[in-house]
Amino acid sequence: MNPFRLFGPDHLAALGLTAALSILLVVWTRRAPGRDRRAIAYWLIGIMLTSQVFEQTVWMLSGTWRLKDSLPVELCDFACFATVIALWTRRQDVFEFAYFWGFSGTLQALLTPALAGGFPDSEFFRFFAMHSGIVVALFVLTAGSGMAPRPGAARRVFFWTVAYAVCVGVLDWIVGANYFYLRDKPSGSLLDLFGPWPFYILGGLGIAALLFFLLTLPYRRRRNMPRVTSG
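Those letters in the sequence shown? Residues 11 to 241, per the numbering used here, in order.
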């Protein structure tokens with residue numbers, strides 16, 4: 011197996027393809043008629059859902075599926091599901107979850123993936139299919155279709171994220187898992203800056219709150235711009 015190297019050729023190629031697809035599909039979405047826009051949405055939905063099904067199928071067929079580390083309950087999994095629903099329904103509340111989860115967590119995961127194997131390992135393809143699919147879809151929804159988080163959305167999503175993390179913590183305790191890294195932090199991550207458990211959890215919440223705030227800034231500027239009237 012070819013080991014994955016952070017910012018190695020295969021990683022940079024995947025990031026470049028993600029950026030290129032984002033630009034291409036945003037431009038296409040802005041110019042395309044409604045039928046073509048729906049086709050773009052269906053294509054992205056198919057990629058993300060296929061990556062989820064593929065992962066679960068591989069684990070089950072290989073006998074490596076385990077309750078403690080194979081459930082699709084990580085934040086990027088829920089960002090994937092929220093993005094799929096937002097593409098399908100254009101529901102504003104679901105879009106806001108996808109927006110903050112995707113651009114704060116999934117984008118970060120794309121830049122620093124926790125992968126053992128690089129190209130052409132199947133996990134490499136699955137990881138970037140889902141994570142790149144989320145990011146590309148969010149650019150299509152925002153820059154392409156004009157969706158934007160409402161005032162107060164960051165606070166609402168942050169509150170429900172904390173509530174969900176509590177539920178995941180209970181699941182971790184019951185099955186002996188480490189979803190959300192609530193029982194043990196990953197090595198070589200930003201969480202190392204905040205010390206041992208439970209302090210790194212508080213540090214992670216602080217980072218999430220900061221990222222959520224930063225993600226509201228482009229829209230705050232837009233809302234605060236003076237309107238130009240004619241006449």
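For every residue, glycine included, the Cβ atom is placed at its ideal position computed from N, Cα and C.
In this text the structure is predicted, and so the values were computed from the model without any measurement.
Integer-rounded CB distance, given that V36 should sit under 8 Å from V2:
Since the first residue of the chain shown is 11 and the last is 241, residue 2 is not available in this structure.
Determine the contact status of V248 and L77, defining contact as a CB-CB distance below 8 Å.
Within the shown structure, residues of the chain are numbered from 11 to 241, placing residue 248 beyond reach of any answer.
One or two residues paired with A13 in a DSSP bridge
Residue identity differs from the one stated: residue 13 is Pro in this sequence, not Ala. DSSP output for P13 lists G127 as bridge partner(s).
What's the gap between the Cα of V83 and the Cα of T116?
14 Å
Beta-carbon proximity list for G213, same chain, < 7 Å, skipping 5 on both sides:
L201, L203 and F204
Coarse secondary structure for P208, derived from DSSP in three states
coil
Take R245 and list the residues in its own chain whose beta-carbon comes closer than 8 Å to its own, dropping the five residues that flank it on each side.
Residue 245 is absent from the structure shown; the chain starts at 11 and stops at 241.
Mapping DSSP to helix, strand and coil, what is E84?
coil
Skipping 5 residues on each side, what residues in its chain have a beta carbon closer than 8 Å to that of R166?
E106
Evaluate contact between the segment 119–136 and the segment 167–179, counting only Cβ atoms and requiring at least three cross-stretch pairs below 8 Å.
Segments in contact, no.
Inside the segment 88–152 only - alpha helix (DSSP H) runs reaching at least 4 residues:
102–111, 117–121 and 132–149
Given this structure, state the Cα-to-Cα distance separating F209 from A218, to the nearest angstrom.
14 Å
Limits of the unbroken alpha helix (DSSP H) element including Y174:
Taken as a continuous stretch (DSSP letters only), the alpha helix (DSSP H) holding Y174 covers A163 to V185.
In whole angstroms, give me the CA-to-CA distance for N12 and I57.
Going from the Cα of N12 to the Cα of I57 covers about 24 Å.
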